[in-house]
Amino acid sequence: MASFSHSVGAQTYRFDSLKEVMAKASPARSGDYLAEVAAQNDGERVAAQMALANIPLKHFLEEALIPYEQDEVTRLIIDTHDKLAFAPVSHLTVGGFRDWLLSDKADETSLRALAPGLTPEMAAAVSKIMRVQDLVLVAQKIRVVTRFRNTMGLRGRLSTRLQPNHPTDDPSGIAASVLDGLLYGNGDAMIGINPATDSTS
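Each residue of the sequence shown is one higher than the one before, starting from 4 at the first, in the working numbering.
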């Protein structure tokens with residue numbers, strides 16, 4: 004298992020694993036603090052992002068975030084990885100991949116061809132070193148159109164997720180929130196419910 008480090012000012016930050024550098028490169032989130040995986044300060048977050056930018060994309064195929072032997076999803080990702088599709092970017096670091104995505108070389112045709120060669124971890128890594136504007140620019144380069152009861156992904160259209168919450172998880176309160184959202188035309192992409200408690204009952 005590789006370790007990573009980067010200096011910010013006079014402070015050198017060390018990360019013992021790919022999992023740690025990925026977690027600490029993430030934007031500040033309360034859940035990450037509760038799980039004790041977040042960067043302790045902005046300096047550590049920047050150091051993790053800089054260290055992440057220097058990691059070769061190939062490394063994600065060598066060090067799984069969840070061990071291959073313990074996780075069926077990891078096995079599926081590794082076993083179905085398309086090496087030929089990955090070849091055009093296999094020499095890049097995460098930072099180099101970000102630059103490639105923002106370049107004119109990354110068009111709809113090349114992105115579609117590349118998709119089977121990327122792992123979710125590679126996509127997550129590059130997103131951690133991109134600004135919102137970068138993510139929007141790259142997302143505009145490719146269309147993913149899906150159809151079932153409605154069509155989503157068409158140019159110039161916006162789909163929304165309706166995610167009602169109720170402080171006591173009261174079913175009638177949740178239903179009222181869903182109905183209210185639907186009356187405003189929301190929820191065509193998804194309707195999801197976030198429980199207020201951890202109880203399964």
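Cβ atoms here follow ideal geometry from the backbone N, Cα and C, with glycine treated the same way.
Nothing here was measured: the structure is a model prediction, and the numbers come from that model.
- The residues Arg164, Leu165 and Gln166, in chain order, have a CB closer than 8 angstroms to that of Gly195 in the same chain once the five nearest residues on each side in sequence are set aside.
- Taking 8 angstroms as the cut-off, the Cβ atoms of Glu47 and Tyr16 count as close.
- Sorting Leu64, Ser113 and Ala67 by C-alpha distance to the C-alpha of Ala88 places Ser113 at the top.
- By the neighbour-count definition (other C-beta atoms within 10 Å, threshold 16), Gln52 is a buried residue.
- Only buried fits Leu55, as 16 or more other CB atoms lie within 10 angstroms of its CB.
- The beta carbon of Arg146 lies closer than 8 angstroms to those of Glu111, Gly156, Leu157 and Arg158 in the same chain, with the five residues before and after it left out.
- For Lys144 against Ala109, the beta-carbon gap comes to about 6 angstroms, under 8 angstroms, which counts as contact.
- For secondary structure counted as the alpha helix (DSSP H) over 4 or more consecutive residues, the stretch 92-130 holds these complete runs in sequence order: 97-105 and 111-117.
- Annotated as proximal: Leu60 and Val97, with beta-carbon spacing under 8 angstroms.
- In the pairwise beta carbon analysis, the stretch 66-82 is classified as not touching the stretch 97-106: fewer than three pairs are separated by under 8 angstroms.
- Following the DSSP letters along the chain, one finds Tyr16 inside the beta strand (DSSP E) bounded by residues Gln14 to Phe18.
- The beta-carbon distance between Phe63 and Ala128, rounded to whole angstroms, is 7 angstroms. This is short enough to meet the 8 angstroms contact definition.
- Here the C-alpha atom of Gly184 lies approximately 29 angstroms from the C-alpha atom of Ala31.
- Excluding residues up to 5 positions away in sequence, Leu60, Phe100, Trp103 and Leu117 lie with their Cβ nearer than 7 angstroms to the Cβ of Val92 in the same chain.
- Taking C-alpha positions only, Val181 is separated from Arg152 by approximately 18 angstroms.
- DSSP, read as helix, strand or coil, puts Val11 in strand.
- Straight through space, the alpha carbons of Gly12 and Val139 are spaced by roughly 31 angstroms.
- For Met4, DSSP records no beta bridge to any residue.
- Comparing alpha-carbon positions, the option among Gly176, Tyr187 and Asp191 lying closest to Pro198 turns out to be Gly176.
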